[in-house]
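If you want the working numbering, it's the position in the sequence shown, counting the first as 1, plus 4. The structure under discussion appears below in the form of structure tokens.
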Amino acid sequence: FGAIFLGIMFLYDFPIPGGKEKIAYMAPDIFPDLIGWILLYFGVSALAKHAKGLERLRFAPLPMAVFSVLSFLKETLWFSSFYTFGENRIVQNFAGVGFDVCMRLLEMAFLVLLFRSSAVFCRKKGEDKLSVTHATVPRIAMLEAALFAISRIGVILPLTKEMTNVFNVLSSLDNLFMVFLVWYAAIAMVRALIRVTD
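As structure tokens, then:
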């Protein structure tokens with residue numbers, strides 16, 4: 005549970021809207037995703053020995069670690085392939101948006117399967133309330149992924165000023181849900197670390 009908690013904290017960055025620089029999207033990624041996926045691999049592998057349903061998921065962090073390296077390269081070496089420059093703006097193109105949406109959907113699928121299995125595990129240990137907490141994470145993850153996908157579409161569409169404002173609101177709402185998801189999931193794992201023993 006401890007490794008999973010740390011992995012979740014390393015996994016997510018927190019996008020913020022661009023300011024005076026007119027950058028449409030900034031995502032300061034303080035913690036390397038690669039380390040997060042490695043921690044998740046060890047955490048899930050250990051938990052899989054005790055929780056049914058995680059055997060098939062234990063190797064999922066490994067390909068995700070590879071994708072995280074590709075994501076890092078996208079933001080450095082391959083930046084110009086995924087972003088468009090013009091009119092004092094730097095915006096993602098279709099390839100950049102598509103890559104980010106696919107990554108978020110894969111992360112969402114991983115969290116859904118992980119927390120559904122951990123919810124069952126907690127219930128078997130007699131922690132019914134904690135099980136409900138873990139079972140809530142997949143719902144939040146699916147909602148956040150949907151908001152992310154919809155808000156990112158607005159980056160590549162030719163929009164009127166009013167529609168741009170709508171997508172900006174959706175993007176801000178997604179940011180709030182992401183922060184909530186990360187902390188809710190992390191706290192759920194900390195509570196499991198404290199209360200659930202083998």
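Each residue gets a CB set at the ideal place from its N, CA and C atoms; glycine is no exception.
Beta carbon of residue i nearer than 8 Å to that of residue j
{"i": "Leu66", "j": "Leu58", "result": "no"}
{"i": "Val141", "j": "Ala192", "result": "yes"}
{"i": "Ala149", "j": "Met112", "result": "yes"}
{"i": "Ile144", "j": "Leu77", "result": "no"}
{"i": "Leu38", "j": "Val73", "result": "yes"}
{"i": "Gly6", "j": "Leu177", "result": "no"}
{"i": "Val194", "j": "Phe46", "result": "no"}
{"i": "Phe171", "j": "Leu163", "result": "yes"}
{"i": "Ile182", "j": "Tyr16", "result": "The residue asked about is misnamed: residue 182 is Met in this sequence, not Ile. Cβ distance < 8 Å, so Met182 and Tyr16 count as in contact."}
{"i": "Pro36", "j": "Phe71", "result": "no"}
{"i": "Val200", "j": "Lys129", "result": "yes"}
Burial state of residue i, where buried means 16 or more other Cβ atoms lie within 10 Å
{"i": "Met167", "result": "exposed"}
{"i": "Glu156", "result": "First, the residue type needs correcting, since residue 156 is Arg and not Glu in the sequence shown. Label assigned to Arg156: buried."}
{"i": "Val48", "result": "buried"}
{"i": "Ser85", "result": "exposed"}
{"i": "Tyr29", "result": "For Tyr29, the predicted structure reports a pLDDT of 46, less than 50, and the residue's modelled location is therefore unreliable. A value from the coordinates is still provided. It counts as buried."}
{"i": "Gly40", "result": "buried"}
{"i": "Gly11", "result": "buried"}
{"i": "Glu25", "result": "With a pLDDT of only 45 at Glu25, under the threshold of 50, the placement of this residue in the model should not be trusted, and no figure is reported."}
{"i": "Thr137", "result": "buried"}
{"i": "Leu61", "result": "buried"}
{"i": "Phe125", "result": "buried"}
{"i": "Leu44", "result": "buried"}
{"i": "Pro32", "result": "Residue placement at Pro32 cannot be trusted, given a pLDDT of 49 that sits under 50; what the coordinates show is reported in the next sentence. Its Cβ having fewer than 16 others within 10 Å, Pro32 is exposed."}
Supposed close pair residue i, residue j - CB separation, criterion 8 Å
{"i": "Val101", "j": "Ile160", "result": "5 Å"}
{"i": "Ser122", "j": "Ala55", "result": "6 Å"}
{"i": "Leu151", "j": "Leu174", "result": "6 Å"}
{"i": "Phe114", "j": "Ala64", "result": "6 Å"}
{"i": "Arg120", "j": "Ala139", "result": "7 Å"}
Which full runs of the alpha helix (DSSP H) of 4+ residues lie inside the segment 125-194, going along the chain? 132-160
Return the chain-ordered ranges of every alpha helix (DSSP H) run that is complete within the segment 50-85 and spans a minimum of 4 residues. 65-79
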